[in-house]
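First comes the structure, then the notes that go with it.
Number of protein chains: 2
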Amino acid sequence: MAANTDAAPDAQVSAPARVSFQADPAGYRHWRLRCDGAVATLTMDVAEDGGLRDGYELKLNSYDLGVDIELYDAVQRLRFEHPEVRAVVITSAKDKVFCAGANIRMLAAAQHAWKVNFCKFTNETRNAIEDASSCSGQAYIAAVNGTASGGGYELALACSHIMLVDDRSAAVSLPEVPLLGVLPGTGGLTRLTDKRQVRRDLADCFCTRPEGIGGAKAVAWRLVDEAVPRTAWAQTVAARAAEFAARSHRPGGAAGVALVPLAKTRTDTSVGYRYVSARLHHEKGTAELVVAGPDEPAPDDRASIQDQGAAFWPLAVTRELDDLILDLRTNEPELGTWILRTEGDPGRVLSYDRLLLASRDDWLANEIIQYLKRALKRLDVTSRSLIALIEPGSCFAGSLLELALAADRSYMLAGVFEDDGQHAEPAVITVGEMNRGPLPMGNGLTRLHTRFCGDAAALAAAEKDAGRALQAGEAERLGLVTFAPDDIDWDDEVRIAVEERASFSPDALTGMEANIRFAGPETTETKIFGRLTAWQNWIFNRPGAAGPGGALRRFGTGQRPEFDSKRV
Amino acid sequence: MAANTDAAPDAQVSAPARVSFQADPAGYRHWRLRCDGAVATLTMDVAEDGGLRDGYELKLNSYDLGVDIELYDAVQRLRFEHPEVRAVVITSAKDKVFCAGANIRMLAAAQHAWKVNFCKFTNETRNAIEDASSCSGQAYIAAVNGTASGGGYELALACSHIMLVDDRSAAVSLPEVPLLGVLPGTGGLTRLTDKRQVRRDLADCFCTRPEGIGGAKAVAWRLVDEAVPRTAWAQTVAARAAEFAARSHRPGGAAGVALVPLAKTRTDTSVGYRYVSARLHHEKGTAELVVAGPDEPAPDDRASIQDQGAAFWPLAVTRELDDLILDLRTNEPELGTWILRTEGDPGRVLSYDRLLLASRDDWLANEIIQYLKRALKRLDVTSRSLIALIEPGSCFAGSLLELALAADRSYMLAGVFEDDGQHAEPAVITVGEMNRGPLPMGNGLTRLHTRFCGDAAALAAAEKDAGRALQAGEAERLGLVTFAPDDIDWDDEVRIAVEERASFSPDALTGMEANIRFAGPETTETKIFGRLTAWQNWIFNRPGAAGPGGALRRFGTGQRPEFDSKRV
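Protein chains in written order, with the numbering used here: chain A, 218 to 785; chain B, 218 to 785.
The structure is reproduced here in structure tokens:
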């Protein structure tokens, strides 16, 4: 138990010890990762007594956050440490069970905020699986060698190909609605209709049939891609993996980059890494994040990326930012406002961007860009108010400008602070190539495009100035920052904005931000975090699901859940 | 008070008397409708003591469901009764106040289900305003002659053009987040960014500034289209209305069709109109709706549409269906499953469809088609399980086939009922032109397209058979119905489906249906009913908003609301 906590384990789910998101295959308790040439196999073998918290047993390959942290780690390592892997088979070591989904006792005992945060992370990990397939030539194959229920089937839905053993017993199912009174909220409802194009009425029947569907019917309803007799199972899985591997554009002969453990210092009031840090102000409800630019300009040659490996600034800073977001989201729910700052030389940031983009055909440069994209997407769906402060000495340029563009609002100092002897030059921001395509949001648009959604002239004007260092006045005129107060007004404006934020309803802010951040088109991804997640959050908060007589608590007791029969 | 209730008024908001959605301009208590040639003026003048329920006063042009029922009625009548009207000015009769939005005391006292249903109806009415502008050449102009807050500004956002009086006092605002702890949920957040293309960071600032924004800044931020000094107000509003009217394609010289009162019989267990009826089974939690086809084939000439007016079958049946949906949604929350049936001659239904489509360039034929479109859209966002039963004697053809396509699932009898002497012919369904474009869902696709979203071959196969009467086997093979049991299995299959539905969590069903029904693209409209509404429902259910110490209850008391500072 408590394998993934920084501090001593705590029996109360309601006051959990701090969760760590760092893992290592050698320490996995729930997964086995085996690489065999171009094909990797990720075998789920959840330790029943390995829950992140006490109070529940992870039977039948059910999972909690700790199980998913290992899965996330494996997906990341496969991309960076295993360039040779072109297909990943996810399967189960249990007899007759692929995966039973999220552990119900854990869900029933968890507080609302914990459930929602847990679902967000599991959603992000499933999106990362799809991202590996579409952006890194690492196709995931779900080898469903036993029943896959609920989150277990949703994990399969995130794969490019679903194989189901055809043995008259194995089935896929989404029993959340009939058995638990909640939704298949880890993308299930959205991927059924939008990814797998299951007809909506068949989806309706499937989602109300707790025993699920197997065999030929599962294929006919598009729930799986093929049903394979047990006698032909091993060879068919191997053949399919080989086929997907053969179609991959992932290059051969490259050496992986070891994702060495992050050097992290964590106290109650601070988080520190090599380039990223945060000060936590519990009394004010804020976290001040600082992302430091590189110490030197980027090397000239792409070989250095590989040579520097995990120490290469863009990779290092992305890993640190990613870990910090996860840490604060999970462990610091009361810090409702994150202040985003950068420190360093904008020119150096842009030199790294140029090196990465010039090397995009290199697998590693591509992986780093894709990873930064995913880390920034995490920020977009983070339920915290994000305020960027752009001050002298900062380096909001190119890839780091994305932090300001991801923020709910930004303040840029016009001129300098009079009493600042260190920084005599005003702050600048610079739009770069990284802002114009490689780092899209979940809606498929760049943050710049989303910002000027429907205003093509404003977008063109902002992009026209790419490469030029813009001071506050210009940045404000171009709509790239929200406000540009001067030294006299700065402290008051920023203080008031932050204090005001802390005085508002945290729930209303979460809902408001989740809407305003995603102008423009919706994709499967934004539908999952928008429509599906919002409905699930609502249901999680209703007595019929999470109340004392609700279906989550009553499950397995033999008692019928109590529902309010009124439709809302 | 209680102007719009069928039964005696009831002081308890929690157990309201039955609400009627029928209104008439002569009986309006809150609006004045004046038509002056091509321009109509809809003046909001809410009677403080005219609340639908007791317990709150409708001050400052704040509204409740009763106020919105009159607005909906006016929007409908303008389309049907006033073909000469090409521009509609919405303004206020109050001094310095345009509209203060939904009444807060009403919201604070209302049960969760009432709030959600109220918001759904107000959303539909604002969508109807946009629909009038885009589909009927009736442009709405918001003449905001005083402060427009919250739902008041959201009403303006639904208009094609927003004029704000520029007098240093009037402003537009969305104070829901800072003052009430809820969202601007009547489309506000979505229309800000997606319709008016307000930059997301400016939208963030605007939505946290309770005093709002007026004058030139409101124009610069795209919140309004123009700010007009009070001295030039009347003439500028008139000029703008004339300009919009001049651009309209609405034909001159036509006579309107009077929307005479519906002949409706309503008891605790039944609702009856001329063509539509429903039996209400409270013990089973179901409503059985029957829509009757026309008694005769359609007339040959388009002039008959005008001559028959409100008695013309497609208009009559649409009005009845629309009213029934609203009645059951509001007054019968415990009837969680609606069984949809039709009765009549499919050929006659198709003959009416043909007449309407052949007359689409006629304003009235167009209005009837658009109205049917809106009524069916109501069904799509209705939080009830919809099950279509297709039996011998039914007429699921063309426009009425949409009822089956809107259902969550459909059962079609293969063959006939052995003991049915009346209907010797098996049921058929017929895809018609009405299923191929004129009646899109909120996502912009036809129900047929949404059904086969991503499966172009299946869509083409279904459309290829347009005009042909399909028996159960063929309909099932083409994917047009869900199941096709025969006489032997019919009763059990249908009974089990209905009973099963009644046993599930009503909340989970609502969330599931809201997701599965909308495969494919999202539009402003589906974002409002999906993302925005789902977040609002979540917030409505949180203690910080609707709890005893929540912001809705504490508003105006001088006491600060109590928030859980944890972000979810």
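Every residue gets a Cβ at the ideal spot worked out from N, C-alpha and C, and that includes glycine.
Problem - the segment 669 to 689 of chain B / the segment 398 to 418 of chain A touching (three or more Cβ pairs under 8 Å) - result: yes
Handout entry: Neighbour-count burial assignment, R664 of chain B, 16 or more Cβ in a 10 Å radius
Key = buried
Practice task
Determine the burial state of D223 of chain B: buried for a count of at least 16 other Cβ atoms within 10 Å of its Cβ, exposed for fewer.
Solution key: Its pLDDT being 41, under 50, D223 of chain B is placed unreliably by the model, and nothing is read from it.
Handout entry: Beta-carbon gap between G728 of chain B and E739 of chain B smaller than 8 Å
Key = no
Problem - Rounded distance between the beta-carbons of R439 of chain B and R601 of chain A, thought under 8 Å - result: So it is not a contact: roughly 27 Å between Cβ atoms.
Problem - Positions along the segment 718 to 733 of chain A whose CB lies within less than 9 Å of some CB in chain B - result: R718, A719, S720, F721, S722, P723, D724, A725, L726, T727, G728, M729, E730, A731, N732, I733
Practice task
Starting from the C-beta of Q229 of chain B, find all residues in its chain whose C-beta is less than 7 Å away, skip the five residues before and the five after it, and write them out in chain order.
Solution key: Any answer about Q229 of chain B is weak, because its pLDDT of 40 lies below 50 and its placement is not dependable; what the coordinates show is given next. Excluding positions up to five away in sequence, the list is empty.
Exercise for the section: Can you tell me which of B:I542, B:A458, B:Q523 puts its alpha carbon nearest to the alpha carbon of Y490 of chain B? Expected result: B:I542
Practice task
Run down chain A in chain order and give the residues with a C-beta less than 8 Å from the C-beta of S600 of chain B.
Solution key: R784, V785
Handout entry: Contact with chain B by N340 of chain A, beta-carbon distance below 8 Å
Key = no
Exercise for the section: Work out the CA separation of Y628 of chain A and P702 of chain A for me, nearest whole Å. Expected result: 7 Å
Exercise for the section: With a 10 Å radius around its C-beta and 16 neighbouring C-beta atoms as the bar for buried, classify R771 of chain B as buried or exposed. Expected result: buried
Exercise for the section: Measure how close the beta-carbons of V389 of chain B and G432 of chain B come, nearest whole angstrom, since I'm counting them as under 8 Å. Expected result: So it is not a contact: roughly 10 Å between Cβ atoms.
Practice task
Measure from the C-beta of A701 of chain B to each C-beta in chain A and report whether the shortest distance is under 8 Å.
Solution key: no
Practice task
Could you pull out every residue in the same chain whose Cβ sits closer than 7 Å to the Cβ of Y245 of chain B, ignoring the five residues on either side in sequence?
Solution key: E287
Handout entry: chain A residues whose Cβ lies nearer than 9 Å to that of K744 of chain B
Key = N732, F735, E739, G747, R748
Problem - Environment of V394 of chain B [buried if 16+ CB atoms lie within 10 Å] - result: buried
Practice task
Under 7 Å Cβ to Cβ from G473 of chain A, same chain only, skipping five residues before and after it: list those, please.
Solution key: F297, E298, H299, P300
Problem - Members of the segment 312 to 340 of chain B that neighbour chain A once the beta carbon cut-off is set at 7 Å - result: H329, A330, V333
Handout entry: Candidates A:E549, A:G404, A:G649: closest to R483 of chain A by CA position
Key = A:E549
Practice task
Could you tell me whether the Cβ of G398 of chain A comes closer than 8 Å to any Cβ of chain B?
Solution key: yes
Exercise for the section: Output the distance between the C-alpha atoms of L662 of chain B and R536 of chain B, rounded to the nearest integer angstrom. Expected result: 23 Å
Problem - is_contact[L419 of chain B, chain A] using C-beta, thresh 8 Å - result: yes
Handout entry: Nearest-angstrom Cα separation, counted from R653 of chain A out to E680 of chain A
Key = 8 Å
Handout entry: At least three beta-carbon pairs within less than 8 Å, the segment 322 to 341 of chain A to the segment 376 to 386 of chain A
Key = no
Problem - Range covered by the beta strand (DSSP E) that runs through E505 of chain B - result: 503 to 509
Practice task
Run the proximity test for A623 of chain B: is its beta-carbon closer than 7 Å to any non-hydrogen atom belonging to the ligand COA?
Solution key: In the structure shown, the ligand COA is absent, as is every other ligand, since no ligand is present at all.
Handout entry: Burial state of T743 of chain A (16 or more Cβ within 10 Å)
Key = buried
Exercise for the section: Run the CB neighbour count on I733 of chain A, radius 10 Å, all protein chains shown included, and call it buried at 16 or more, exposed below. Expected result: buried
Problem - Proximity to N754 of chain A [Cα-Cα], best of A:A731, A:T741, A:E560 - result: A:A731
Problem - DSSP three-state assignment for D253 of chain B, whether helix, strand or coil - result: strand
Practice task
Can you have a look at T774 of chain B and say buried or exposed, based on whether 16 or more other CB atoms are within 10 angstroms of its CB?
Solution key: exposed
Handout entry: Interface positions of the segment 664 to 677 of chain B facing chain A (Cβ-Cβ less than 9 Å), listed along the chain
Key = T667, R668, F669, C670, G671, D672, A675
Practice task
Using a Cβ-Cβ cut-off of 8 Å, state whether R626 of chain B counts as contacting chain A.
Solution key: yes
Exercise for the section: Could you spell out where the alpha helix (DSSP H) holding H329 of chain A opens and where it closes? Expected result: 329 to 353
Handout entry: Complete runs of the beta strand (DSSP E) confined to the segment 588 to 619 of chain A [at least 3 residues]
Key = 602 to 607
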